[in-house]
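Below: the structure, in C-alpha cells.
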Amino acid sequence: MRIAFLKYGKELGINRHVLAFPEAFREKGAEVQEFDLSEGELQERVKELLEFSPTFALDLNGSCVVFGEREGEKLLISDAFGFVHVSLFTDEPLFHFPTLLDLRQANNFLPVVTDLKYADSLKFLGHERGTFYITPFVDPSRMPQPPEEKDIEISFLGPVVDPNIIAQQVTQNLKEDFVPYFFEVGEFLFRNPEAHILYAKEYLLSMFNQSFQEEFDKWRKENTQDYMKFLNDISLYATARKRWYILSFLEGINLKVVGVFEGELKEGHEHVSINSWEEALDVIGRSYMTILSFPHAVPTGIGFAPLEVAFMESAPLIDLRATLPGFLNPGIEMIGYLPLDRADIEEKVVYYLDNLQEAKDIGKRARDKVLQSYGPTDRAEFLYQMFQDILSQAQAQQDSSV
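In C-alpha cells, the structure reads:
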C-alpha cells in the first residue's frame, strides 16, 4: 500500500497532530511519502506525486485537492489516475465550500470528519455517499510539556471579536432586505448554542413572509458562492456573540485573553498577543483554568483546542452540551457551564478562583484523560484499516468481474 500525505505549508497549527499518521502508517508496513504542495512549482509536485503512484492520498480539509481537465471539464486527478483521495475535515466543511462544490461529481473522493454534524454539511454541499468519523486527538510528541508552576489564574482562549464589528462588515456588502434575516438567524444560534446553521437557516426562513422567502430563495440559487459565504458569516457572528457575552459580565476579573482580539477590553482584562500557537500553549499551560466557548463550527464534538488545553493541565471551563460528558466528565476532567446562564458562569469562575487547587486537580485529571483516550494511535489504526477494507472490496469486485 502506498500512501501520499499531502500538505500545504509547514505551519499546520492545531492540525499538526495529523503528522503522526504518516509515521503510524509506516510502522504498519505502508510505503508513505510526504508532499508539500506549497514548495516550488505545483506541476512539479503533482508530477512527483503521480510518479509515486499512490493507492491513497490524505490531506486536511480538502486543502490539497488537485484538478486536471478532460474534454473541457474539471477532473480530480485521483479519478484520472485511479487512487483514492481522502480528506480529513478538522474544520466545518462549509468553510471549504469552493473545493467541495467542485468535488460533487468526484468518484474517488472520501471525506473523514471529526464532528458528526460535518456529515450533514457535506451532504448539503452535494456529497451523498457517506463519510467516516474519528474523534479529535492530540499527539503528545508535538506538544510542549506543561510548566511545573502556574502564575496565571484564568485565561480566555480566542479568537474574540466584538460581534458588532462582524455585523458591520457583513451588512455593508449584504442586500438591505436580507439584513434582518442575517441577524435573526445569528441571534437564534446564539440563544440555541447546540443548533446547527443548516437547521437554523431554514427554520427562521419559514417565519418570514412568502415574498421574502421567494426573493431569498431566488438569490441563493443564483448566487451559490455568496450564499455559502453568507452562512459562514452567520456562524462567525453567532460565535462572536457567545464569546463577547461571557467577557462582558466578567469585567473586573483578572483575566488573560489569548489570541486574536478585536474590540474594547473590559476592566481587569489583558490581551495576550501571540505570534504562534506554541506561545498560546505556553500561556494556557501557566493558567489554572482556561475558559473556552465552542464555536458554531464545532457543533457536537469536543474539538482539538479543548484537548490541547487539557493536555497542558489547565482546567477546561467549557460550555455544556449534550454530547460533552461522552468526551470529558464535568466536575472531574473539565468545568462545565451553561452558556447563556450568567449566574452559573460567574458562580463557577468565582468558586474556582477561590479554590485554585481544585482547578489544578481537574487540570491534572484532564491531562490524564487525554493521554489515555485521545492519542493518535487508535485514529491511525482506524484509517489504516479503512484503507485495507477499501482495497479488499476493490479486489473482490475485480475478481468477480473476471
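The sequence shown begins at 2 in my numbering and counts up by one. Beta carbons are placed, not taken as given, at the ideal position from N, Cα and C, and that holds for glycine.
Can you give the beta carbon distance from residue i to residue j, rounded, assuming they're within the 8 Å contact cut?
i    : j    : result
A107 : F53  : Actually they do not touch by this definition, with Cβ atoms about 20 Å apart.
L357 : E185 : Wrong, their Cβ atoms sit about 42 Å apart, outside the cutoff.
L104 : V66  : 7 Å
T291 : L158 : 6 Å
P317 : A311 : 5 Å
I235 : I198 : 6 Å
V350 : I254 : 7 Å
P340 : P194 : 5 Å
Where do the N-terminal and C-terminal ends of the alpha helix (DSSP H) with residue i fall, by residue?
i    : result
G364 : 357–374
G286 : 278–286
F250 : 225–250
K11  : Premise fails: K11 is in no alpha helix (DSSP H) and is neither H nor E.
P164 : 164–173
A107 : No alpha helix (DSSP H) contains A107, which DSSP labels as neither H nor E.
Which same chain residues end up closer than 7 Å to residue i when comparing Cβ atoms and leaving out the 5 residues on each side of it in sequence?
i    : result
P55  : R3, I4, A5, F84
T132 : P112, V113, V114, A120, L123
V33  : I4, F6, P23, F26, R27
D80  : A107, N108, N109
Could you check what DSSP says for residue i in three-state terms: helix, strand or coil?
i    : result
T212 : The sequence given here has Ser at residue 212, not Thr. DSSP places S212 in helix when its eight states are reduced to three.
L101 : helix
R130 : coil
K222 : helix
V139 : coil
D124 : The question names Asp, but residue 124 is Lys in the sequence shown. Here K124 sits in helix by DSSP.
L117 : coil
P145 : coil
E382 : helix
A196 : coil
E263 : strand
How would you write the range of the beta strand (DSSP E) that residue i sits in, first residue to last?
i    : result
S156 : 153–158
V258 : 256–259
Who are the Cβ neighbours of residue i in its own chain at under 8 Å, not counting the five residues just before and after it?
i    : result
I333 : I363, R366
R143 : R17, H18, L20, A21
N210 : none
So, at 6 Å on beta carbons, what are the nonlocal neighbours of residue i in its own chain, with the 5 sequence-adjacent residues on each side left out?
i    : result
F388 : F57
L43  : none
M229 : F98
A31  : M2, I4
T1   : There is simply no residue 1 to check, as the chain begins at 2 and stops at 403 in what is shown.
>> What ranges does the beta strand (DSSP E) occupy inside the stretch 28–93, keeping only unbroken runs of at least 3 residues that lie completely in it?
In response: 32–37, 57–61, 68–71, 74–77, 85–90
> Fully enclosed by the stretch 271–352, which beta strand (DSSP E) runs are 3 residues long or longer?
Replying inline: 288–293, 316–320, 336–338
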